[in-house]
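Asks: My structure is below; once you've seen it, I'll send some questions.
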Amino acid sequence: MAFCEMCGRESLLSRTKIENTELLVCGSCSTFGKVIKTNIEEPEVPKARKPQIYNETVEIIPEGYGKKVKDARTWAGLNQKEFAFKLSEKESVINKIESEHLMPTLELAKKIERLCEIKIIESYKEEKKPEDNINFRDGGLTIGDIIKLKDEE
Ligand SMILES: [Zn+2]
Numbered sequence: 059m060a061f062c063e064m065c066g067r068e069s070l071l072s073r074t075k076i077e078n079t080e081l082l083v084c085g086s087c088s089t090f091g092k093v094i095k096t097n098i099e100e101p102e103v104p105k106a107r108k109p110q111i112y113n114e115t116v117e118i119i120p121e122g123y124g125k126k127v128k129d130a131r132t133w134a135g136l137n138q139k140e141f142a143f144k145l146s147e148k149e150s151v152i153n154k155i156e157s158e159h160l161m162p163t164l165e166l167a168k169k170i171e172r173l174c175e176i177k178i179i180e181s182y183k184e185e186k187k188p189e190d191n192i193n194f195r196d197g198g199l200t201i202g203d204i205i206k207l208k209d210e211e
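Just add 58 to the spot in the sequence shown (first one is 1) and you have our numbering.
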């Protein structure tokens with residue numbers, strides 16, 4: 059551990075170019091400049107972060123669920139009232155679902171799937187990229203501006 063040349067905090071330091079001067083600074087101060095070498099006291103750690111892409115599973119109930127539910131219920135030999143009872147739902151709810159006037163909640167849809175061994179939910183993976191992090195170097199404010207702002211206070 060050593061002390062940051064900008065804020066004095068004891069931290070792992072990065073050799074960072076700030077306003078044409080190379081300084082050994084801590085992680086938070088290094089965001090004000092261009093990092094040349096990270097974790098000076100540690101073995102080299104690749105600093106460049108890969109763009110994080112995470113997959114989000116999206117679950118939807120496509121149209122046609124009403125018929126699927128009705129067919130499965132009929133196949134199981136249940137009337138709407140019996141079927142509703144098994145799902146702890148109102149008969150009117152089942153009626154509306156089967157006529158597609160009401161889309162079941164995912165929770166209810168999953169119950170129906172389990173009960174009838176059918177599939178009414180479709181899931182697909184959505185690829186998302188998180189928004190780019192705000193970057194001081196590209197975002198207008200430089201360490202010089204910050205010092206100027208402080209001086210004006
Ligand atoms: Zn610092």
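Cβ atoms here follow ideal geometry from the backbone N, Cα and C, with glycine treated the same way.
Can you give me the start and stop residues for the beta strand (DSSP E) that leucine 173 sits inside?
Replies: Taking the first residue of the sequence shown as position 1, residue 173 is located at position 115. From DSSP, leucine 173 is part of no beta strand (DSSP E) but of the alpha helix (DSSP H) over 164-174.
Asks: Since tyrosine 182 sits in a beta bridge, which residues does DSSP pair it with?
Replies: Along the sequence shown, one-based indexing puts residue 182 at 124. Beta-bridge pairing links tyrosine 182 to Val116.
Asks: Below 8 Å on the Cβ atoms is my contact criterion, and I expect valine 83 with leucine 70 to pass it. Report the Cβ-Cβ distance as a whole number of Å.
Replies: As a working mapping, residue 83 is identified with position 25 in the sequence shown. As a working mapping, residue 70 is identified with position 12 in the sequence shown. About 10 Å; that fails the 8 Å criterion.
Asks: Regarding arginine 73 and ligand 1, is the C-beta to nearest heavy atom distance less than 8 Å?
Replies: Position 15 of the sequence shown, counting from 1, holds the residue named residue 73. No, Cβ of arginine 73 sits at least 8 Å from all heavy atoms of ligand 1.
Asks: Alpha carbon to alpha carbon, what distance is there between valine 116 and isoleucine 176?
Replies: By one-based count along the sequence shown, residue 176 stands at place 118. By one-based count along the sequence shown, residue 116 stands at place 58. Each residue's Cα considered, the two are about 19 Å apart.
Asks: What three-state label does DSSP hand alanine 60 in the structure shown?
Replies: Along the sequence shown, read from residue 1 onward, the residue named residue 60 stands at position 2. Strand, per DSSP.
Asks: Please list, in chain order, all residues of the same chain as cysteine 87 whose beta carbon is under 6 Å from its beta carbon, the five residues on each side excluded.
Replies: On the sequence shown, residue 87 is found 29 positions in, with the first residue counted as 1. Excluding sequence neighbours, cysteine 87 sits near Cys62, Met64 and Cys65.
Asks: Exposed or buried, what is proline 162 when buried is set at 16 or more other beta-carbons lying within 10 Å of its beta-carbon?
Replies: Here residue 162 is taken as the residue at index 104 of the sequence shown, counted from 1. Label assigned to proline 162: buried.
Asks: Check whether the Cβ atoms of isoleucine 170 and leucine 145 sit closer than 9 Å, and answer yes or no.
Replies: Position 112 of the sequence shown holds residue 170. Position 87 of the sequence shown holds residue 145. Yes, they are a contact pair.
Asks: Could you name the residues of the same chain whose beta carbon sits closer than 6 Å to that of lysine 128, not counting the 5 residues immediately before and after it, in chain order?
Replies: Counting from one through the sequence shown, the residue named residue 128 turns up at place 70. Excluding residues within five positions, the ones whose Cβ falls inside 6 Å are Glu156.
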